[in-house]
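Asker: Dropping a structure here in structure tokens format, bear with me for questions.
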Amino acid sequence: MDLRLTRRAFEDLELDPSEYAPRSARACAGAHEVVHAFVERRGQSPIGQETTRLPASPQVVYNLHAGRWRGLTWHDEEADVVWLLGVGYHRSGERGDAYEVLKRRDEADNLFPEEQDYLDLEAAFDDGLAFVEAVAEEGPAILRQARERPGERVTAVIAEALDIGVLVEVVVIDGAEEEEVWVGIALPPIAHLRFPPGEWITVLLAGVLGPSANLDDVDLPGVVPWR
Amino acid sequence: MSQVMRVPDEVHSEVQVAARLLDRTTGDLLTRAWELYRQTPEFQDDFTFAQKAFATGDLKAIAARLDERAHARAAARAAAVREGRKPS
């Protein structure tokens, strides 16, 4: 589960969203006491103790306290993220009280994460390109190594992110030698903060198995040879 | 050729529960899920596209496709949140 601030929450804290928003809250907990409190509390449990009833939305949001600061958090189960939606000062009974401000945002439909917030969860184009370049270079290389040492699992870390193992076995079927290639991918990834999207795995398979691989021959076995 | 994926513990637990309910083994369910996923146009398109692009060295085309998918996913998630705000 990831912990994130919406860009609007970063603005509330006068932290530059373009600098901080692509990062997990865990990676910027030192930037502000509210972020620290958010990471400390919601890192233990995605929900809090007190809720605030929103005027327009049915979602359940939880109060977050940090000194005089107040915020609202929401557990986005679909994306496996707890969001800090917005923050302000506690001014009991005043129009400027944090909870009143955040409720007005809900009425105006700008409290919950927007497309850019979700895009901040994704890898940037340059990161994707770096991954593809690494697959292009390292994928064929690991398959080559595995072919040189049949029956032995060869491991590699692709793009400093995905831990993979490749094993090649030569089998004889009806007198003809055939090659069986096993590709194991350890998930979650060892370096990236979030699970890679499915298409990254697809790209990895295409890069390792190469242009001659027929998709119909790609199977998911129940047992892998190195277990 | 074979492709193996180790799944996270929570996914594994859910699959185990589903397998008990359906009186199947977890291996059966995962294999079935893989077969279905392998046949989806999205997977086939991505795999074939990446294979061709790797063969021709057009790596930016693959990165652009990953980027397109990321944008589409972000838009879909934001739309789902907006949809969830509407009173039922």
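Residue numbers (the numbering used here), protein chains in the order written: chain A, -3 to 223; chain B, 238 to 325.
Even glycine gets a Cβ: it sits at the ideal position worked out from N, Cα and C.
Let me make sure I understand the geometry here. Which of Ala25/A, Gly82/A, Asp72/A has the alpha-carbon closest to that of Arg4/A?
Answerer: Minimum Cα distance to Arg4/A is reached at Gly82/A.
Asker: Does the stretch 41 to 50 of chain A come within contact of the stretch 9 to 21 of chain A, defined as at least 3 CB pairs closer than 8 Å?
Answerer: No contact exists between the stretch 41 to 50 of chain A and the stretch 9 to 21 of chain A.
Asker: At a CB distance below 8 Å, what residues from the stretch 293 to 311 of chain B approach chain A? Give them in sequence order.
Answerer: Cβ contacts with chain A: Gly294, Leu296, Lys297, Ile299, Ala300, Ala301, Arg302, Leu303, Asp304, Arg306, Ala307, His308, Arg310, Ala311.
Asker: Which one of Val128/A, Asp170/A, Val177/A, Ala126/A has the shortest CA to CA distance from Ala142/A?
Answerer: Selected option, being the one with the closest Cα: Val177/A.
Asker: Can you pull out the residues from the stretch 124 to 142 of chain A whose beta carbon lies closer than 7 Å to at least one beta carbon of chain B?
Answerer: Within the stretch 124 to 142 of chain A, the residues whose Cβ lies closer than 7 Å to some Cβ of chain B are Gly124, Leu125, Val128, Glu129, Ala132, listed in chain order.
Asker: Going by beta carbon distance, what residues of the same chain come within less than 6 Å of Glu320/B, once the five residues before and after it are set aside?
Answerer: Cβ neighbours of Glu320/B beyond the five flanking positions: none.
Asker: Does the contact criterion of 3 or more C-beta pairs under 8 Å hold for the stretch 101 to 113 of chain A versus the stretch 29 to 39 of chain A?
Answerer: Touching, no, given that fewer than three Cβ pairs across the two stretches are closer than 8 Å.
Asker: Give a yes or no on whether the C-beta atoms belonging to Gly63/A and Leu80/A are separated by under 8 Å.
Answerer: No, these two residues do not count as a Cβ contact at 8 Å.
Asker: Where does the unbroken alpha helix (DSSP H) through Thr262/B begin, and where does it stop?
Answerer: From DSSP, Thr262/B is part of no alpha helix (DSSP H); its letter is neither H nor E.
Asker: Going along the chain, which residues of the stretch 201 to 218 of chain A sit with their C-beta nearer than 7 Å to a C-beta in chain B?
Answerer: Cβ contacts with chain B come from Leu201, Ala202, Gly203, Leu205, Pro207, Ala209, Leu211, Asp213, Val214, Asp215, Leu216, Pro217, Gly218.
Asker: Measure the CB-CB distance between Gly203/A and Asp304/B and report whether it falls below 8 Å.
Answerer: Cβ atoms of Gly203/A and Asp304/B: not closer than 8 Å.
Asker: Just checking Phe34/A against the ligand PLP - is the residue's beta carbon closer than 7 Å to any of the ligand's heavy atoms?
Answerer: Only the bare structure without any ligand can be found here, which leaves the ligand PLP out of the picture.
Asker: If we call anything under 8 Å between Cβ atoms a contact, is Ile181/A one with Ile197/A?
Answerer: Result yes, Cβ atoms of Ile181/A and Ile197/A sit closer than 8 Å.
Asker: Report all residues from its chain with a CB closer than 8 Å to the CB of Ile299/B; omit the five preceding and five following residues, and keep chain order.
Answerer: Around Ile299/B: Phe286, Ala287, Ala290, Phe291.
Asker: Using a C-beta cutoff of 8 Å, does Tyr114/A count as contacting chain B?
Answerer: Chain B, which has a Cβ nearer than 8 Å to the Cβ of Tyr114/A, makes this yes.
Asker: Determine the DSSP secondary structure at Asp213/A, reduced to helix, strand or coil.
Answerer: If DSSP states are grouped into helix, strand and coil, Asp213/A belongs with the helices.
Asker: Rounded to the nearest angstrom, what separates Lys297/B and Pro54/A at their Cα positions?
Answerer: Spanning the two alpha carbons is a distance of roughly 42 Å.
Asker: Quick one: which unbroken beta strand (DSSP E) runs of 3-plus residues sit fully inside the stretch 141 to 208 of chain A? Chain order, please.
Answerer: Listed in chain order, the complete beta strand (DSSP E) runs (minimum 3 residues) inside the stretch 141 to 208 of chain A are 150 to 154, 158 to 169, 172 to 182.
Asker: Please check the pair Phe127/A and Ala155/A, which I expect to be a contact at CB under 8 Å, by giving their CB distance rounded to whole angstroms.
Answerer: Contact holds; Cβ gap of about 5 Å.
Asker: By a C-beta neighbour count over all protein chains shown, 10 Å radius and 16 as the cutoff for buried, is Glu36/A buried or exposed?
Answerer: Result: exposed.
Asker: Closer than 9 Å, Cβ to any Cβ of chain B: which residues of the stretch 51 to 69 of chain A, in chain order?
Answerer: Correct list: Ala52, Ser53, Pro54, Gln55.
Asker: In the DSSP assignment, find the unbroken alpha helix (DSSP H) run with Arg4/A in it and report its ends.
Answerer: That run of the alpha helix (DSSP H) goes 3 to 8.
Asker: Since Ser58/A sits in a beta bridge, which residues does DSSP pair it with?
Answerer: Per the sequence presented here, residue 58/A reads as Tyr, with Ser not at that position. Its beta-bridge partners are Thr47/A, Thr69/A.
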